[in-house]
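Using the numbering used here, read the sequence shown as starting at 1 and increasing by one per residue.
From the three backbone atoms N, C-alpha and C, an ideal C-beta is built for every residue, glycine too.
Here's the structure, in structure tokens; my notes come after.
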Amino acid sequence: MLDQNDLAAIRMIIKEELAVSENLVLEETERTRNILEEQINTVQKNLEELTQYYRITKLENDNTALLLKMIDELSRRIEKLEKKTA
């Protein structure tokens, strides 16, 4: 049978091994967290760029629609003037 000193020694060994294992798990968790944070930052940057592109494109489309309306109105006015002068 094992005496108290043997049991205490075994407990210490197990405690040390658990501490080493725990540190390894924590280090891996931290490494994974850092990688994921970098990826999230990249995705956020891309999303911001896409949002900005969307806003610019929407403004350009709105401006194009306004210009087309203006051209259409000018065409109507020209037709009226041509009919009056003809």
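DSSP places Met-70 in the uninterrupted alpha helix (DSSP H) bounded by 4 to 85. Straight across, the Cα-Cα distance linking Ala-8 with Glu-30 is about 32 Å.
Within the same chain, no Cβ atom closer than 8 Å to the Cβ of Ile-35 is found once the five residues on either side in sequence are excluded.
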